[in-house]
Every structure is written in C-alpha cells, then in structure tokens.
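Same order as they appear, the protein sequences are chains A and B. For the first sequence, the tail end lands on 134 under the numbering used here, and the numbers increase by one without skipping. For the second sequence, the tail end lands on 518 under the numbering used here, and the numbers increase by one without skipping. C-beta atoms are modelled at their ideal positions from N, C-alpha and C, and glycine is treated no differently. All figures in this text were calculated on a predicted structure; none of them were measured in a lab. Read through the structure below, which is laid out as structure tokens, and then see the notes.
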Amino acid sequence: GDSVTQMEGPVTLSEEAFLTINCTYTATGYPSLFWYVQYPGEGLQLLLKATKADDKGSNKGFEATYRKETTSFHLEKGSVQVSDSAVYFCALSETLAGGTSYGKLTFGQGTILTVHP
Amino acid sequence: EAGVAQSPRYKIIEKRQSVAFWCNPISGHATLYWYQQILGQGPKLLIQFQNNGVVDDSQLPKDRFSAERLKGVDSTLKIQPAKLEDSAVYLCASSLEPQGIHEQYFGPGTRLTVT
C-alpha cells in the first residue's frame, strides 16, 4: 500500500537558518503530494502541494519539488523564523488512472520543528 | 467562512465505556473524513463519506467503531467499548468533493484519553 516516510525529528534551528525536511513516498499510482503544518494549539493546515512530477509547490517561503525519479518531496525554506515552529507532515493522495483522486490522505509521522531566536 | 467544527475538544473515559464525537463540516462540502492521530504518528484515515454514503471504511475497526453522516451534513463517530489503545486525537476534515485535488480542511480535533 501507499506510505510516506519523513526524516526523524525533532529539528532545532536558529532563526534565519536553512531548513530541509526530507520526505519519501511509496505509491502504486500517480500520487499528488502535500505538506501540512500544525501550529501549536491549531488544526492541520495545507502548506503547499504538487500534483505531478517536476511540479514545485510553494507558500510562505517554503518550497518542495515533486521528484518522481527519487520518489521524494523534500520541504525547504531558506531562512526560518521563530513563527515557523510547528509540526510538519508530508502526505500523499493517490490519483487513479483517468485523473480521479479519491481524496484519502496518507501521512508521514510528522517532524517537529523548533526555531530559536 | 466558518471552519470545521468538532466537539468535545477533550474527553477522558475509562476502558470499556462508550464515547461519541461530533463534526460539522464546512457548508457545502460533500466529502467528510475522520482520521485517528496517535501521539507521535501522522493521522490515519478511519472513514470517508461522500454526502451520506461511505466511500472508504477499510481501516475502521468495525467491531467497536461506528460512524454515520445523516442528511449528508453533520457526522458522529462512536467508540463502544473503548480500549486503552484508542487514546488519540480524532480529526474531522471536509472537502468540496473527492474528485480532483480539493484541499481538505481540518477541524481542531477531539483528544480522547482512555484510562
């Protein structure tokens, strides 16, 4: 079945440092890929997405590129802020032949990011 | 626009007791999902509704869990009887429709502790 593997956490960085959170996936079809973020005390929010190979999703300074050859979707940000401290989840949604996605999300285990001033 | 509402936010029960969670999705969203998030893990889909019909309940422990979505709007998830391993956050999400890549909007979750 489908699965998503994220790098082990937690990750602790100083403000303005470069961030990479690794994500790899296993899927039988043509998945869409997502990064969700959960800020302290809040619900899960979509951060960015990519729906086909070589697409780059971006939002709030975060980027991730859909790499089919390496089955990866690594999250990056050039300069993190204290306000980026949160739990980040990589996820996929299977897109069946014919372009129909049934919406079910398969999540990785999450990576806790803490940014210090 | 109002977000996905869930209640209660917290619940503590003893094992073998029953519990129910309620979810009100965003108005007009046809698809509703219930996820279970155990501490330290990512959310796992329990059941997916399209309007008031079940699309996927393959990972729902049907001997103790049940869910319904009457009239295709609100939904209730029930556990009876609860086990210690059911301690988790139960997340409800909704989207416009499953076809295509429609964003899922998540509620704040219900944190269940089974003692």
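Item                                                                                                                             : Value
At least three beta-carbon pairs within less than 8 Å, the region 411 to 426 of chain B to the region 49 to 63 of chain A        : no
Proximity of Leu-463 (chain B) and Leu-473 (chain B) at Cβ, strictly below 8 Å                                                   : no
Alpha-carbon to alpha-carbon, Ser-20 (chain A) and Thr-513 (chain B)                                                             : 25 Å
Alpha-carbon spacing of Lys-481 (chain B) relative to Thr-112 (chain A), whole angstroms                                         : 30 Å
Separation of Arg-419 (chain B) from Ser-110 (chain A), as counted between CA atoms                                              : 35 Å
Beta-carbon proximity list for Gln-98 (chain A), same chain, < 7 Å, skipping 5 on both sides                                     : Glu-32 and Val-132
Short-range partners of chain A found in the region 430 to 445 of chain B, where Cβ spacing is below 9 Å                         : Thr-434, Tyr-436, Tyr-438, Gln-440, Gly-443, Gln-444 and Gly-445
Beta-ladder partner(s) of Ile-450 (chain B), from DSSP                                                                           : B:Trp-437
Cβ shell of Leu-484 (chain B) (< 6 Å), same chain only, five flanking positions each side left out                               : It should be noted that the sequence gives Pro, not Leu, for residue 484 (chain B). The residues are Arg-419.
Chain-ordered chain B contacts of Phe-90 (chain A) [CB-CB under 8 Å]                                                             : Chain B residues near Phe-90 (chain A): none, gap ~14 Å exceeds 8 Å.
Proximity below 8 Å, CB of Ala-470 (chain B) to CB of Ser-478 (chain B)                                                          : yes
Where Phe-106 (chain A) meets chain B, residues with beta-carbon distance less than 9 Å                                          : Gly-445 and Pro-446
Within-8 Å CB hit, Gly-456 (chain B) to chain A                                                                                  : no
Stretch-stretch touch, CB-based, cutoff 8 Å, three pairs: the region 424 to 433 of chain B with the region 488 to 498 of chain B : yes
Lys-69 (chain A), buried or exposed, once every other Cβ within 10 Å from all chains shown has been counted against 16           : exposed
Lys-73 (chain A), buried or exposed, once every other Cβ within 10 Å from all chains shown has been counted against 16           : exposed
Beta-carbon neighbours of Leu-63 (chain A), restricted to chain B and to distances below 7 Å                                     : Glu-506
Cross-strand partners of Val-476 (chain B) (DSSP beta bridge)                                                                    : Beta-bridge pairing links Val-476 (chain B) to no other residue.
Whole-number beta carbon distance between Ile-441 (chain B) and Ala-408 (chain B), since they are thought to touch under 8 Å     : 23 Å between Cβ atoms; not a contact.
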